[in-house]
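Student: Protein sequence lines correspond, in order, to chains E and W.
The first sequence begins at 60 in our numbering and counts up one residue at a time.
The second sequence begins at 60 in our numbering and counts up one residue at a time.
Below you will find the structure I want to go over with you.
Number of protein chains: 2
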Amino acid sequence: MKKITLLDASTLLLSNDNFHILTHRYPDGDTLGCAFALCYALRSIGKKANVIINGNLPSKFTYLAEKYEKQDFECCYVVSVDVAAPSLLGDLQSEYEDKIDLCLDHHGSNSMVAKNIFVDATCAAACEIIHVLIKAMKIKITPDIANCIYTGISTDTGCFCYTNTTAQTHRIAAELIECGCDFNKINRINFETKTRAKIKMERMVYDTMEFYCSGKCAIIYTTLAMQKSLDAGDDEMEGLASIPRQIEGVKMGITMREKEDGTFKVSVRTNDGINASDFCARFGGGGHIAASGCSIKGDLKTVKYMLIKAAEEVL
Amino acid sequence: MKKITLLDASTLLLSNDNFHILTHRYPDGDTLGCAFALCYALRSIGKKANVIINGNLPSKFTYLAEKYEKQDFECCYVVSVDVAAPSLLGDLQSEYEDKIDLCLDHHGSNSMVAKNIFVDATCAAACEIIHVLIKAMKIKITPDIANCIYTGISTDTGCFCYTNTTAQTHRIAAELIECGCDFNKINRINFETKTRAKIKMERMVYDTMEFYCSGKCAIIYTTLAMQKSLDAGDDEMEGLASIPRQIEGVKMGITMREKEDGTFKVSVRTNDGINASDFCARFGGGGHIAASGCSIKGDLKTVKYMLIKAAEEVL
Numbered sequence: 060m061k062k063i064t065l066l067d068a069s070t071l072l073l074s075n076d077n078f079h080i081l082t083h084r085y086p087d088g089d090t091l092g093c094a095f096a097l098c099y100a101l102r103s104i105g106k107k108a109n110v111i112i113n114g115n116l117p118s119k120f121t122y123l124a125e126k127y128e129k130q131d132f133e134c135c136y137v138v139s140v141d142v143a144a145p146s147l148l149g150d151l152q153s154e155y156e157d158k159i160d161l162c163l164d165h166h167g168s169n170s171m172v173a174k175n176i177f178v179d180a181t182c183a184a185a186c187e188i189i190h191v192l193i194k195a196m197k198i199k200i201t202p203d204i205a206n207c208i209y210t211g212i213s214t215d216t217g218c219f220c221y222t223n224t225t226a227q228t229h230r231i232a233a234e235l236i237e238c239g240c241d242f243n244k245i246n247r248i249n250f251e252t253k254t255r256a257k258i259k260m261e262r263m264v265y266d267t268m269e270f271y272c273s274g275k276c277a278i279i280y281t282t283l284a285m286q287k288s289l290d291a292g293d294d295e296m297e298g299l300a301s302i303p304r305q306i307e308g309v310k311m312g313i314t315m316r317e318k319e320d321g322t323f324k325v326s327v328r329t330n331d332g333i334n335a336s337d338f339c340a341r342f343g344g345g346g347h348i349a350a351s352g353c354s355i356k357g358d359l360k361t362v363k364y365m366l367i368k369a370a371e372e373v374l
Numbered sequence: 060m061k062k063i064t065l066l067d068a069s070t071l072l073l074s075n076d077n078f079h080i081l082t083h084r085y086p087d088g089d090t091l092g093c094a095f096a097l098c099y100a101l102r103s104i105g106k107k108a109n110v111i112i113n114g115n116l117p118s119k120f121t122y123l124a125e126k127y128e129k130q131d132f133e134c135c136y137v138v139s140v141d142v143a144a145p146s147l148l149g150d151l152q153s154e155y156e157d158k159i160d161l162c163l164d165h166h167g168s169n170s171m172v173a174k175n176i177f178v179d180a181t182c183a184a185a186c187e188i189i190h191v192l193i194k195a196m197k198i199k200i201t202p203d204i205a206n207c208i209y210t211g212i213s214t215d216t217g218c219f220c221y222t223n224t225t226a227q228t229h230r231i232a233a234e235l236i237e238c239g240c241d242f243n244k245i246n247r248i249n250f251e252t253k254t255r256a257k258i259k260m261e262r263m264v265y266d267t268m269e270f271y272c273s274g275k276c277a278i279i280y281t282t283l284a285m286q287k288s289l290d291a292g293d294d295e296m297e298g299l300a301s302i303p304r305q306i307e308g309v310k311m312g313i314t315m316r317e318k319e320d321g322t323f324k325v326s327v328r329t330n331d332g333i334n335a336s337d338f339c340a341r342f343g344g345g346g347h348i349a350a351s352g353c354s355i356k357g358d359l360k361t362v363k364y365m366l367i368k369a370a371e372e373v374l
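Here you go:
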């Protein structure tokens, strides 16, 4: 296990061939963007490379793989991208865990085991690392590669909104636009498109919204019955937690989601420095200052009452 | 009337004093961002300058004026920012129309009358011009100035999503972050905050949604009665037109809004190159390829039928 520089990583990639590029389970825009960008880049200089998608490719990301066909070769070099811990390899863990030659990541907490590791936690997205790496290898960034890198950067920063966005993030975006990336299409797919089921779920959730603490706390919930009535999957549930905090005057937005095991999964989002992590710690959870979570056992009424009582003490 | 360079503009500003900086009517993030950025910059080198806000400062933009106090002086030099035509001066037109010394704008269609004019239509926001100008004057960009410039850039590009975004837009954003702008707060205010009335209006509008042309056309409407029942103003109506196009599979989103004069104001938003401008031209309207509008006289049922018929011919 060796911590290396990005230049070392570029040398390693240039001097090897027949790559398997591993993504993390429940693949998102960043891990997929990294993998396809690196794959296209390596193929463009005559090397063989495949992306090992971890589970299914979410339908909204099919545009990343438009130019992708699986190649036939025996794997000689394994690279993981945006994978922070062995367990995040999911179904790939047993096959690849002890065979990773190069780990590229931007999570400060990275706990992967690999021959060579490069982690840069100042990068908003792992795709920022891939961008610098491809340039270090002196490989031309085609529009397809640019689309992949932009996807990781845009999705991991909430389109340049989250506090992880840096000057470097924007400078890379500038270069990607010059390389011909279709940022308008990518952002429309990732931020502007909703399924009909998602819209129905949002409407149902709005109907549950209640305000407390003079409007400073908003609380919404979903029940198993609601989810079942809409035949809604995880895709439709995604993003609901951001709804209550969006309302003018709300400092703490709480989302309760009923789970099969008799608990409610609680997501807390705050504004103006209210500590969501401390709040969730009261219930055995935790997270970041502005975004935390916990699980509470009980029925809807009881759990809601507990949360409102706690919110009243904080706000 | 003289077309000048940005360097000329910087010389003019440095050699004059006692500025009135004019914004356009219904002021938005770009015109206000320009005006306050330029005002703070000129004041920082000992000059006197006031922003002439055109109408009321929208409450969400009060953060731009947090450090602003009106100064007392006799105006010697008038600058207009982001004002594309004399009529857009609104109530200021009669007083200032023939007294503008310097016009700074990014609208290719600019038709202002001014002693000196600088227009750069390659800029996504007029704030990009102000950024380069302040640097040309060698004035330090403080966090307050950076917040103003970022506001114009972010609001005029839909947070770097619209096709007007360029590599320069991102490079300026990078510099503004390095100058200490609070982009997270600015984007939260401009893109993530909704009033309760707005949320109620959105829910009501979702209830009107119908799909045609195998789901490729979605249509929503608001009536005067709906607007009245919510006591909703223009702020709440803003952004509704973007709703129907957001739905997966929709290529044409149509929003109908009943007006006092017995017409419906129709907004058409399209994806995938469907020509909204041609569509609206059938009803005497027009606009851009992806976003156009028209007005149609008639009752809800009749107007909706006309629009659906036309959509079926196009899609």
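Backbone N, C-alpha and C define an ideal beta-carbon position, used for all residues, glycine too.
As the structure is a computational prediction, the values presented were derived from the model and not from experiment.
With 16 as the cutoff for other CB atoms within 10 Å, does W:T361 come out buried or exposed?
Tutor: Residue numbering aside, residue 361 of chain W sits at position 302 when the second sequence is read from its first letter. Counting Cβ neighbours within 10 Å, W:T361 comes out exposed, since fewer than 16 surround it.
Student: List, in order along the chain, the chain E residues whose C-beta lies closer than 8 Å to that of W:H190?
Tutor: Taking the second sequence and counting its residues from 1, the one referred to as residue 190 of chain W is at position 131. Those do not exist, as W:H190 stays about 13 Å from chain E at its closest Cβ, beyond 8 Å.
Student: Does the contact criterion of 3 or more C-beta pairs under 8 Å hold for the stretch 263-273 of chain E versus the stretch 219-235 of chain E?
Tutor: No, the stretch 263-273 of chain E does not touch the stretch 219-235 of chain E.
Student: Given a threshold of 16 other Cβ atoms within 10 Å of its Cβ, counted over all protein chains shown, does W:P202 qualify as buried or as exposed?
Tutor: Reading the second sequence from its first residue, position 143 is the one you call residue 202 of chain W. Flag for W:P202 reads exposed.
Student: Can you list, in chain order, the residues of its chain whose CB lies under 6 Å from that of E:T314, leaving out five sequence neighbours each side?
Tutor: Translated into positions along the first sequence, residue 314 of chain E becomes position 255. These residues qualify, in order along the chain: I279, L299, A300 and S326.
Student: How do the stretch 314-324 of chain W and the stretch 279-298 of chain W stand: do at least 3 beta-carbon pairs fall below 8 Å, yes or no?
Tutor: The stretch 314-324 of chain W vs the stretch 279-298 of chain W: in contact.
Student: So, is the C-beta of W:C135 closer than 8 Å to a C-beta in chain E?
Tutor: Here residue 135 of chain W corresponds to residue number 76 of the second sequence, with the count starting at 1. No, W:C135 lies away from the interface with chain E (no Cβ there is under 8 Å from its Cβ).
Student: With distances taken between CB atoms, is the gap from W:R84 to E:I306 smaller than 8 Å?
Tutor: In the second sequence, residue 84 of chain W corresponds to position 25, counting from 1. In the first sequence, residue 306 of chain E corresponds to position 247, counting from 1. Not closer than 8 Å, so no.
Student: Residues in its own chain within less than 7 Å of W:K259 by CB, not counting five upstream and five downstream?
Tutor: Your numbering for residue 259 of chain W matches position 200 in the second sequence. Correct list, in chain order: L289.
Student: By alpha-carbon positions, which one of W:A226, W:N206, W:N113 and W:A369 ends up nearest to W:I236?
Tutor: Position 177 of the second sequence, counted from the start, is the residue given in the question as residue 236 of chain W. Measuring from the Cα of W:I236, the nearest candidate turns out to be W:N206.
Student: For E:M171, collect the residues of the same chain with a Cβ closer than 8 Å to its Cβ; drop the 5 residues on either side in sequence, then sort them by chain order.
Tutor: Residue 171 of chain E sits at position 112 when you count from the first residue of the first sequence. Excluding sequence neighbours, E:M171 sits near S139, V142, A143, A144, P145, I159, C162 and D164.
Student: Using the beta-carbon of each residue, which ones in chain W are nearer than 7 Å to E:K253?
Tutor: The residue labelled residue 253 of chain E in the question sits at position 194 within the first sequence. Residues of chain W passing the Cβ test: Q305, I306 and E307.
Student: Cβ closer than 9 Å: which chain W residues qualify as neighbours of E:N243?
Tutor: Here residue 243 of chain E corresponds to residue number 184 of the first sequence, with the count starting at 1. Within chain W, the residues near E:N243 are C220, Y221, T222 and T224.
Student: Of all Cβ atoms in chain E, is any one closer than 8 Å to the Cβ of W:E237?
Tutor: Mapped onto the second sequence, residue 237 of chain W falls at position 178. It does; some Cβ of chain E falls within 8 Å.
Student: Let me confirm a value: E:I333 is counted as buried when at least 16 other C-beta atoms fall within 10 Å, else exposed. Which label applies?
Tutor: Residue numbering aside, residue 333 of chain E sits at position 274 when the first sequence is read from its first letter. Buried is the call here.
Student: So with CB distances below 9 Å, who are the chain W contacts of E:Y364?
Tutor: Residue numbering aside, residue 364 of chain E sits at position 305 when the first sequence is read from its first letter. Those within 9 Å of E:Y364 in chain W number zero; the least Cβ separation is about 23 Å.
Student: Give the residues of chain W in contact with E:Y265, contact being defined as C-beta atoms less than 7 Å apart.
Tutor: Translated into positions along the first sequence, residue 265 of chain E becomes position 206. Result: I258 and R262.
Student: Kindly say whether E:D347, judged by its beta-carbon, lies nearer than 8 Å to any beta-carbon of chain W.
Tutor: As a first step, residue 347 of chain E is located in the first sequence; it is residue number 288 there, counting from the start. In the sequence under discussion, the amino acid at residue 347 of chain E is His, which differs from the Asp named in the question. So no, E:H347 is outside the interface.
Student: Can you tell me the Cβ-Cβ gap for W:I355 and W:F323, rounded? I've got them flagged as a contact below 8 Å.
Tutor: Counting from 1 along the second sequence, the entry for residue 355 of chain W is found at position 296. Counting from 1 along the second sequence, the entry for residue 323 of chain W is found at position 264. Indeed they touch by this definition, with Cβ atoms about 5 Å apart.
Student: Grab the span of the beta strand (DSSP E) containing E:D76 for me, first residue to last.
Tutor: Here residue 76 of chain E refers to the residue found at position 17 of the first sequence. Neither: E:D76 is in no beta strand (DSSP E) and is coded neither H nor E.
Student: Buried or exposed: W:M60, going by 16 or more other Cβ atoms within 10 Å of its Cβ?
Tutor: Position 1 of the second sequence, counting from 1, holds the residue named residue 60 of chain W. Exposed.
Student: W:I212 by DSSP, collapsed to three states: which one?
Tutor: Counting from 1 along the second sequence, the entry for residue 212 of chain W is found at position 153. It is helical.
Student: Contact criterion: CB-CB distance below 8 Å. Does E:N334 meet it with respect to chain W?
Tutor: Start at 1 with the first residue of the first sequence, and residue 334 of chain E comes out as number 275. Cβ-Cβ to chain W under 8 Å: no for E:N334.
Student: Using a cut-off of 8 Å between C-beta atoms, extract the partners of W:H229 located in chain E.
Tutor: Against the second sequence, residue 229 of chain W aligns to sequence position 170. Within chain E, the residues near W:H229 are H229, R230, A232, A233 and I236.
Student: Can you check whether the CB of W:F219 is closer than 8 Å to the CB of E:F342?
Tutor: Looking up residue 342 of chain E in the first sequence gives position 283. Looking up residue 219 of chain W in the second sequence gives position 160. Cβ distance not < 8 Å, so E:F342 and W:F219 don't count as in contact.
Student: Quick check on the burial criterion: 16 or more other C-beta atoms within 10 angstroms. Buried or exposed for E:L66?
Tutor: One-based indexing of the first sequence puts residue 66 of chain E at position 7. E:L66 is exposed by the Cβ-count criterion.
Student: Measure from the C-beta of E:N115 to each C-beta in chain W and report whether the shortest distance is under 8 Å.
Tutor: Residue 115 of chain E sits at position 56 when you count from the first residue of the first sequence. No, E:N115 lies away from the interface with chain W (no Cβ there is under 8 Å from its Cβ).
Student: If I measure Cβ to Cβ from E:F132 and keep anything under 6 Å in the same chain, skipping five residues before and after, which residues do I get?
Tutor: By 1-based counting over the first sequence, the position of residue 132 of chain E is 73. The answer, listed in chain order, is N77 and K107.
Student: Step through the CB atoms of chain E and report whether any lies within less than 8 Å of the CB of W:N246.
Tutor: Counting from one through the second sequence, the residue named residue 246 of chain W turns up at place 187. Interface residue, yes.
Student: I need the straight-line Cα distance from E:E187 to W:I212, nearest angstrom please.
Tutor: For the purposes of this step, residue 187 of chain E is taken as the residue at position 128 of the first sequence. For the purposes of this step, residue 212 of chain W is taken as the residue at position 153 of the second sequence. Cα to Cα, the separation comes out at about 23 Å.
Student: Could you check which residue in W:E251, W:N243 and W:M311 has the C-alpha nearest to that of W:E269?
Tutor: The sequence position of residue 269 of chain W within the second sequence is 210, counting from 1. For the residues W:E251, W:N243 and W:M311, the minimum Cα distance to W:E269 belongs to W:M311.
Student: As an exercise, report each continuous alpha helix (DSSP H) stretch of at least 4 residues that is fully enclosed by the stretch 311-366 of chain E, in chain order.
Tutor: Runs of the alpha helix (DSSP H) inside the stretch 311-366 of chain E: 335-340.
Student: Return the chain-ordered ranges of every alpha helix (DSSP H) run that is complete within the stretch 200-252 of chain E and spans a minimum of 4 residues.
Tutor: Listed in chain order, they are 202-215, 226-237 and 242-246.
Student: Is it the case that the Cβ atoms of E:A96 and E:I176 are separated by a distance below 8 Å?
Tutor: For the purposes of this step, residue 96 of chain E is identified with residue 37 of the first sequence, where counting begins at 1. For the purposes of this step, residue 176 of chain E is identified with residue 117 of the first sequence, where counting begins at 1. No; because the gap between Cβ atoms is not below 8 Å, this pair is not in contact.
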